[in-house]
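>
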Amino acid sequence: MIIGVLGNNPFGSYLEQAVAGETLDGRKLVIRYCNDIKEALGCQMLFINTPGRTKEVLAALSGKSILTVGDGEEFAKNGGMIQFYLANNKTRIKINLAAAKAANITISSKLLRLAEIVE
Amino acid sequence: MRIKRTDAPIQRKLMNVILITSSAALLLTCVAYGSYEFVSFRSAAKSHVSGLGAIIAANSTSSLAFDNKEDASEILDALKAENRIVAACIYDTKGYVFATYPRNEPVRSFPSVVTDEGYHYGNQAYLEGFQPIAQETRRLGTLYLKYDMTSIYSRFRLYGLIALLVVSLSFLVSLLLSRRLQKSISQPILDLAATAEQISTHGDYSVRAGNTNAHEAGLLTKAFNHMLDQIEKQNQEITRFNQQLEAKIKDRTRELEGANNELQESNRRLEQFAYVASHDLQEPLRKIQTFSELSEKNVENTGFVKRYLEKINLSANRMSDLIKAILQYSRLSNTEDAYEKIDLNQVLENVRTDLELVIAEKKAVIHAAGLPAIQGIPLQINQLFLNLVSNSLKFCDTEPLINISSAIISRNGEKYVQLTFADNGIGFEQQYADSIFTIFQRLHSGKAYAGTGIGLALCKKIVENHRGRITVDSVPGEGTRFFIELPI
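From first to last, the protein sequence lines stand for chains H and P.
Under our numbering, the first residue of the first sequence carries the number 7, and numbering increases by one thereafter.
Under our numbering, the first residue of the second sequence carries the number 4, and numbering increases by one thereafter.
If you want it as structure tokens, here you go:
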């Protein structure tokens with residue numbers, strides 16, 4: 007299970023520490039830092055941090071079964087699947103259900119209940 | 004308990020048994036059912052609460068993961084559907100209260116520390132406890148639920164009330180039923196007891212217990228009646244035996260009286276006998292003394308002495324005759340000779356032969372025709388005939404005519420041979436009819452008619468020996484008739 011980071015890494019070493027020793031369905035979680043889209047294609051989950059190029063990147067990944075995550079404004083509106091944002095000093099999420107469906111990814115209803123759905 | 008004053012103890016006991024048994028069974032059933040219901044209700048409540056808790060916990064994982072209190076509160080709000088959940092809250096991993104239900108419930112009203120997982124019955128009729136909230140293996144927080152049991156308990160109180168009502172009602176019903184049904188058992192026993200009491204008070208063994216339909220009681224009644232039968236039979240036997248005994252005693256007493264009378268009579272006779280015998284024997288003895296004295300004085304006069312010695316000899320002979328007769332008489336008293344068949348014609352022939360000389364001398368005629376044969380002691384019957392005939396020959400101044408006849412008579416259902424000796428002798432006054440049979444009693448002086456005074460006494464004794472009787476019928480100067488009756 008590969009979690010990729012495209013663009014600048016905003017997490018420092020925090021992400022590495024968070025996944026250390028964690029598994030999902032028996033598979034080890036691995037962090038990959040990608041320099042281009044080509045490298046990112048092997049990931050199952052991809053954090054996109056490419057200000058200015060986000061639309062272009064998302065268009066390139068469209069249809070691929072990669073869960074796209076980002077925290078840029080309009081990220082979900084532009085076709086990103088999960089977008090983090092801050093509200094009342096708390097992290098909240100927006101989910102683009104159509105984009106996820108297009109990539110054949112199902113999102114847990116529990117998560118959906120907490121999220122704001124974006125068309 | 005008392006049902007009615009008139010009920011017998013056995014009826015009360017039977018009813019008590021029935022009522023106590025049925026009530027105990029019913030009560031036990033109610034208690035067992037109630038306890039089972041209570042236990043299963045409590046465990047059902049536990050699993051119900053923990054099921055609810057599992058749902059809440061599963062739903063609240065994302066709220067905890069994303070630190071969304073509003074969402075957690077919303078999830079907890081769903082507990083409104085179950086109004087017995089009176090309080091609930093979610094703790095975060097650090098043990099701080101994250102969300103509460105109801106929303107405005109103050110935090111201090113919840114347990115400040117998360118303790119053991121699982122649900123427990125608190126002492127205030129609440130079911131409360133903790134349940135982990137986890138995503139996969141990751142612990143995200145803890146759920147606390149408080150479940151109000153009071154409504155369930157009040158329902159159990161209602162159950163108890165209903166059970167009490169049912170028990171009381173069934174008690175009443177079984178009271179009514181047992182009043183009716185116990186009679187089939189108690190009635191025969193009561194009847195039996197009444198019969199037994201009647202018997203013991205009145206001593207009447209002829210009464211019997213009735214009502215013999217119930218099995219065991221029927222058997223008892225039958226056995227009781229059988230026993231009464233036996234007692235009655237034995238009673239009758241005892242009474243009969245008593246009566247027999249009394250009759251026997253009466254018989255014996257009568258026999259004894261008879262024997263006593265006989266004894267007295269024989270005693271009297273013996274005294275008389277002794278008196279008469281000594282008196283009669285003294286007469287020849289005095290003669291012997293007198294003539295022997297005279298002989299002594301006139302010893303030189305041989306003619307006198309010879310005459311005196313003749314007199315002495317005569318007196319001695321007379322004494323000898325007397326003693327012989329007495330011996331004969333006394334021998335009759337203890338004879339045990341056997342009975343034989345005796346032809347009376349033959350007996351009369353013997354007598355004719357014995358008295359041949361006297362008959363010829365007195366020119367006597369003896370008539371006898373068709374005398375029967377009888378059972379008797381031959382020597383004694385011979386003696387009887389001899390004495391009677393010689394008696395007739397003796398007391399006769401003319402030529403004796405003796406007529407002997409016989410007849411069969413019946414008296415008191417018994418048959419007798421009646422022999423009649425009739426003569427034409429001197430006869431006697433009828434007033435002496437009894438005394439002529441007494442020993443040594445003589446109507447005439449020894450000078451007029453010789454004799455010992457024993458002959459007729461002997462006759463009477465012989466007839467009595469043969470269980471017969473002898474009577475006499477006489478007219479002075481005309482003749483005498485002797486009647487002898489001997490049983491056949």
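Idealized CB from N, CA, C, for every residue including glycine.
Can you find a CB in chain H that lies within less than 8 Å of the CB of residue 159 (chain P)?
So, not an interface residue.
> Check the C-beta distance from residue 36 (chain H) over to residue 8 (chain H) and give it rounded, since I have them as a contact under 8 Å.
Contact flag correct, Cβ pair sits at about 5 Å.
> At which residue ranges does the segment 32-96 of chain H contain complete alpha helix (DSSP H) runs of 4 or more residues, listed in the order of the chain?
Counting whole runs of 4 or more residues, the segment 32-96 of chain H contains the alpha helix (DSSP H) stretches 43-46 and 60-67.
> If you draw a straight line from the alpha carbon of residue 21 (chain P) to that of residue 38 (chain P), how long is it in whole angstroms?
Using only the alpha carbons, I get a separation of about 25 Å.
> What is the DSSP secondary structure of residue 116 (chain P), counted as helix, strand or coil?
Reduced to three states, the DSSP call for residue 116 (chain P) is coil.
> In the DSSP assignment, the beta strand (DSSP E) including residue 406 (chain P) goes from what residue to what residue?
Its beta strand (DSSP E) spans residues 404-414.
> Are there 16 or more other CB atoms within 10 angstroms of the CB of residue 415 (chain P), so buried, or fewer, so exposed?
So residue 415 (chain P) ends up on the exposed side.
> Cα-Cα, which of P:159, P:176, P:425 and P:94 is closest to residue 3 (chain P)?
There is no way to answer for residue 3 (chain P), as the model of chain P reaches only from 4 to 491.
> On the criterion of 16 or more Cβ atoms from any shown chain inside 10 Å, does residue 243 (chain P) qualify as buried, or is it exposed?
Per the 10 Å Cβ criterion, exposed.
> So which residues on chain H does residue 70 (chain P) lean against when the C-beta distance must stay under 9 Å?
Going along chain H in sequence order, the residues near residue 70 (chain P) (Cβ under 9 Å) are 96 and 97.
> Beta-carbon separation of residue 77 (chain P) and residue 90 (chain P) under 8 Å?
Their beta carbons are not under 8 Å apart, which means residue 77 (chain P) does not touch residue 90 (chain P) by this criterion.
> Please tell me whether residue 64 (chain P) has its Cβ less than 8 Å away from any Cβ of chain H.
Yes, its Cβ sits closer than 8 Å to a Cβ of chain H.
> Please decide whether residue 33 (chain H) counts as near chain P, where near means a Cβ-Cβ distance under 8 Å.
False, the Cβ-Cβ gap to chain P never drops below 8 Å.
> Taking CB distances under 8 Å as the criterion, tell me whether residue 116 (chain H) reaches chain P.
Closer than 8 Å: yes.
> Quick check on residue 130 (chain P): does DSSP put it in helix, strand or coil?
Three-state DSSP puts residue 130 (chain P) in a strand.
> If you measure from the beta carbon of residue 95 (chain P) to each beta carbon in chain A, is any gap under 8 Å?
No chain A is part of this structure, whose protein chains are labelled H and P.
> How big is the Cα-Cα spacing for residue 434 (chain P) and residue 482 (chain P)?
Cα to Cα, residue 434 (chain P) sits roughly 15 Å from residue 482 (chain P).
> With contact counted as at least three CB pairs below 8 Å, one residue from each stretch, are the segment 36-53 of chain P and the segment 179-195 of chain P in contact?
No: fewer than three Cβ pairs fall under 8 Å.
> How big is the Cα-Cα spacing for residue 48 (chain H) and residue 84 (chain P)?
Their Cα atoms are separated by approximately 48 Å.
> For residue 119 (chain P) and chain H, any beta-carbon pair shorter than 8 Å?
It does not: the Cβ of residue 119 (chain P) has no partner Cβ on chain H nearer than 8 Å.
> Mark residue 383 (chain P) as exposed unless 16 or more other C-beta atoms lie within 10 angstroms of its C-beta, in which case mark it buried.
Answer is buried; the Cβ neighbour count reaches 16.
> Which residue's Cα is closest to the Cα of residue 366 (chain P): P:358, P:373 and P:372?
Out of P:358, P:373 and P:372, P:358 has the C-alpha closest to the C-alpha of residue 366 (chain P).
> What does the alpha-carbon distance come out to for the pair residue 474 (chain P) and residue 466 (chain P)?
If I take the Cα positions, the gap works out to 10 Å.
> List the whole-angstrom C-beta distance separating residue 399 (chain P) from residue 429 (chain P), where the pair is believed to meet the contact cut-off of C-beta under 8 Å.
With 8 Å as the limit, residue 399 (chain P) and residue 429 (chain P) qualify as a contact, their Cβ atoms being about 7 Å apart.
> State yes or no: is the C-beta of residue 184 (chain P) within less than 8 Å of the C-beta of residue 224 (chain P)?
Contact: no.
> With a CB to CB cut of under 7 Å and the five nearest residues on each side skipped, what residues in its chain are close to residue 460 (chain P)?
Excluding positions up to five away in sequence, the list reads 332, 440, 441 and 442.
> Using a Cβ-Cβ cutoff of less than 8 Å, which residues in the same chain neighbour residue 57 (chain P) once the five nearest sequence positions on both sides are dropped?
Closer than 8 Å at Cβ, skipping near neighbours: 134.
> Kindly indicate if chain H contains any beta-carbon less than 8 Å away from that of residue 74 (chain P).
Output row for residue 74 (chain P): interface = yes.
> Do residue 52 (chain H) and residue 74 (chain H) have their CB atoms nearer than 8 Å?
Yes, the Cβ-Cβ distance between residue 52 (chain H) and residue 74 (chain H) is below 8 Å.
> Is the separation between the beta-carbon of residue 79 (chain P) and that of residue 144 (chain P) shorter than 8 Å?
No; because the gap between Cβ atoms is not below 8 Å, this pair is not in contact.
> With the cut-off set at 8 Å, would you say residue 156 (chain P) and residue 128 (chain P) are in Cβ contact?
Taking 8 Å as the Cβ cut-off, residue 156 (chain P) and residue 128 (chain P) qualify as a contacting pair.
> Which chain P residues are close to residue 119 (chain H), counting only those with a beta carbon under 8 Å from its beta carbon?
Here the neighbours are 65 and 74.
> What did DSSP end up calling residue 63 (chain P) once you bin it into helix, strand or coil?
In the structure shown, residue 63 (chain P) sits in coil (DSSP, three-state: anything other than H, G, I, E or B).
> At the level of alpha carbons, what is the spacing between residue 372 (chain P) and residue 301 (chain P)?
Cα to Cα, residue 372 (chain P) sits roughly 59 Å from residue 301 (chain P).
> Can you say whether residue 230 (chain P) is buried or exposed, counting buried as having 16 or more other CB atoms within 10 angstroms of its CB?
Flag for residue 230 (chain P) reads exposed.
> Let me know the alpha helix (DSSP H) ranges lying completely inside the segment 266-339 of chain P, each 4 residues or longer, listed in chain order.
Qualifying alpha helix (DSSP H) stretches, in chain order: 305-336.
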